[in-house]
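In the UniProt record's numbering, the protein residues as written are 1 to 162. From the three backbone atoms N, C-alpha and C, an ideal C-beta is built for every residue, glycine too. Remarks on the structure that follows.
Shown next as structure tokens:
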């Protein structure tokens, strides 16, 4: 386990070696997105890692008897789209918080669009703290999940607060 001081030193030095192959300029109002269809295999693999073996994720008949249309995708698996989106645009970003409000269930096989929108950018001790509005949409228009995230962006990040 890394001590706090060692962890800070590790993070500071490791961020300097990351450089994004995508544009590193971000401004308030920018929206980054990612599309995904969650499969039964995704749900099974997530269940193994999380130890969440609720039968509503695997037994379609039981899920239907409970009032759902089929097997559910774990809510936190759906929410995992947000750190993926941020880190794919800003390698080396450190995800520091996330609030989540689950609005509707997500079913295996549905197309989900994850979005993060930059709503605040500020420099703090030569690092950049970004606040994002986060949401997931079914079929591009039906809100299934929303919240806010904060991430520390790499030191080579460039902000354009306009």
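Length at least 3, wholly inside the stretch 102 to 158: the beta strand (DSSP E) runs in chain order: 111 to 124, 127 to 138 and 142 to 153
Per-residue burial, residue 64 [other beta carbons within 10 Å of its own, 16 or more giving buried]: exposed
Neighbour-count burial assignment, residue 155, 16 or more Cβ in a 10 Å radius: exposed
Reduced DSSP category for residue 60 - H, G, I as helix; E, B as strand; rest coil: helix
Element boundaries [alpha helix (DSSP H), containing residue 33]: Run containing residue 33: none in the alpha helix (DSSP H); it sits in the beta strand (DSSP E), 31 to 37.
CA-to-CA distance, residue 111 to residue 121, given in whole angstroms: 30 angstroms
8 angstroms Cβ cutoff met for residue 106 and residue 127: no
Distance CB(residue 99)-CB(residue 148) smaller than 8 angstroms: yes
Beta-carbon contacts of residue 41 that lie in its chain and below 6 angstroms, excluding the five residues immediately before and after: none
Secondary structure of residue 78, DSSP reduced to three states: helix
Simplified DSSP assignment, three categories, for residue 90: coil
Residue 40 (DSSP reduced to helix, strand or coil): helix
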